[in-house]
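Working notes, beginning with the structure itself.
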Amino acid sequence: MPPSLPDLRQLRAFAAVAELRSYRRAAARLGVTPSAVSQSVRALEAALGQPLVQRTTRSVAASAAGLQLLARLRPHLDGLDAAWNDVQDASGTPAGTLRLNMPRSAARLVMAPVMSAFLAAHPRIALEVRSQDDAVDIVAAGCDAGIRFEESVPRDMVAWPLGGPQRFVVAGAPALRAALGEPAGPWDLLDHPCIRQRFPQGELYRWEFARNGERLALDVPGRLTVDDQPLALQAALDGAGWAYLYQAVAAPHLRAGRLVAVLDAWCPAGTGFQLYYPGRRQASPALRAFIAWWRAHGEALLAVGQDGDARGAAPVDG
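Numbering (this note's numbering), first residue to last: 4 to 321.
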């Protein structure tokens with residue numbers, strides 16, 4: 004009697020481990036626990052009577068038999084995914100969970116103004132937003148797509164813009180300008196109190212300026228250093244020094260007179276955020292629904308949201 008065919012979940016677990024070379028990353032991709040992935044692989048190995056994955060204390064890699072199985076298995080898994088996606092698309096009602104990875108800045112500036120409206124338009128889709136400033140392998144993390152600044156998007160990804168270019172401003176309390184005067188150029192900030200910001204990786208952010216082809220990255224002085232822009236915003240409102248803020252974050256406070264902006268001529272618009280994902284064939288129905296919805300409604304809702312009382316973001320993202 005021929006052996007029974009393995010469970011599809013076991014095959015997916017093995018393929019994820021073989022491709023990602025990690026039980027932990029495979030578990031993140033599949034949305035299960037590492038122990039569940041390990042049990043699935045062991046079940047396959049027991050059924051075949053030979054190892055599919057070679058494990059050491061430092062590495063995980065497919066065996067010769069595992070590589071042979073993966074080569075035959077991957078096209079069929081892709082075909083199943085494509086067939087499922089096609090049927091869901093044909094039904095006219097996309098469903099599933101959309102997992103997006105992004106820095107805190109993108110979560111506040113891009114997603115916060117639009118996510119409720121997207122969910123209302125797609126009642127069968129669940130949205131999971133993972134805010135993480137460090138650079139992330141979205142495939143290994145089990146995410147459908149990521150959002151990063153244009154220069155941080157991996158080159159092998161499909162990408163398209165979310166919103167327009169982002170601009171930063173140097174802003175502080177009116178009392179600060181009254182006491183110290185307005186800096187004539189970025190170099191004057193070396194004699195002013197500034198609110199410094201630190202990257203998640205540990206290094207200090209150098210404030211970036213540009214005018215008439217001249218570019219400058221300045222390590223500003225200051226007794227206060229934070230790693231979150233809402234803290235920098237609050238410190239600027241309290242008069243602790245100049246802060247380097249997203250214009251969308253500072254805008255409501257500038258209009259209300261709680262903050263004043265300086266060095267505007269040195270603060271042109273920069274790059275913007277982009278949505279990115281591994282490839283068009285791998286886009287889930289939920290991701291395709293989000294892209295279509297964004298193109299129809301996202302930009303307008305984002306413009307309205309960014310005109311409101313934004314609450315802050317990280318200055319630069321990996």
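The beta carbon of each residue, even a glycine, is placed where N, CA and C say it ideally should be.
Nearest-angstrom Cβ-Cβ length linking residue i and residue j, presumed shorter than 8 Å
i       : j       : result
Gly-166 : Phe-276 : 6 Å
Trp-163 : Leu-305 : Actually they do not touch by this definition, with Cβ atoms about 14 Å apart.
Ala-109 : Ile-150 : 4 Å
Ala-289 : Asp-147 : 7 Å
Ala-143 : Arg-32  : 7 Å
Pro-168 : Arg-291 : Contact flag wrong, Cβ pair sits at about 26 Å.
Tyr-2   : Val-161 : In the structure as shown, the chain begins at 4 and stops at 321. Residue 2 is therefore absent and cannot be evaluated.
Leu-240 : Arg-261 : 6 Å
Thr-36  : Phe-152 : That belief does not hold up - the Cβ atoms of Thr-36 and Phe-152 are roughly 33 Å apart, past 8 Å.
Asp-136 : Pro-106 : 5 Å
Where residue i falls: helix, strand or coil (DSSP)
i       : result
Ile-294 : helix
Gln-169 : coil
Phe-121 : helix
Arg-226 : coil
Leu-55  : coil
Ala-299 : helix
Val-40  : helix
Gly-82  : helix
Gly-175 : strand
Bounding residues of the beta strand (DSSP E) (the contiguous stretch that carries residue i)
i       : result
Arg-27  : Unbroken run through Arg-27 is the alpha helix (DSSP H), 26 to 33; no beta strand (DSSP E).
Glu-131 : 128 to 134
Ala-220 : 217 to 221
Ala-21  : It is not in any beta strand (DSSP E) - Ala-21 instead sits in the alpha helix (DSSP H) that spans 11 to 23.
Ala-253 : It is not in any beta strand (DSSP E) - Ala-253 instead sits in the alpha helix (DSSP H) that spans 250 to 259.
Ala-115 : Premise fails: Ala-115 is in no beta strand (DSSP E) and is neither H nor E.
Ala-268 : No beta strand (DSSP E) holds Ala-268; DSSP gives it neither H nor E.
Close beta carbons around residue i, own chain, < 6 Å, minus the five adjacent residues each side
i       : result
Arg-170 : Gln-250, Ala-272
Pro-196 : Gly-225, Gly-244
Phe-121 : Trp-296
Arg-133 : Asn-104
Trp-210 : Leu-221, Val-223, Tyr-247
Identity of the residues DSSP links to residue i by a beta bridge
i       : result
Tyr-279 : Gly-149, Ala-162
Ile-198 : Leu-227
Thr-100 : Ala-129
Val-139 : The partner list for Val-139 (beta bridge, DSSP) is empty, contrary to what the question assumes.
Trp-245 : Cys-197
Leu-207 : Arg-201
Alpha helix (DSSP H) segment containing residue i, residue limits
i       : result
Glu-211 : Where Glu-211 is concerned, there is no enclosing alpha helix (DSSP H), although the beta strand (DSSP E) it sits in stretches over 210 to 214.
Gln-237 : 232 to 240
Ala-65  : From DSSP, Ala-65 is part of no alpha helix (DSSP H) but of the beta strand (DSSP E) over 63 to 65.
Same chain, Cβ closer than 7 Å to residue i, five either side skipped, listed in chain order
i       : result
Gly-145 : Ala-31, Arg-32, Leu-33, Gly-34, Arg-102
Arg-12  : Ser-43
Ala-29  : Ala-16, Ala-19, Val-20, Leu-23, Val-40
Ala-286 : Tyr-280
Ala-65  : Ala-21, Leu-55, Val-56, Leu-73
Own chain, CB closer than 8 Å to residue i, minus 5 neighbours either side, in chain order
i       : result
Leu-207 : Arg-199, Gln-200, Arg-201, Asp-222, Thr-228
Gly-242 : Gly-175, Ala-176, Ala-178, Leu-179
Ala-238 : Ile-198, Leu-227, Val-229, Gly-244, Ala-246
Arg-218 : Glu-211, Phe-212
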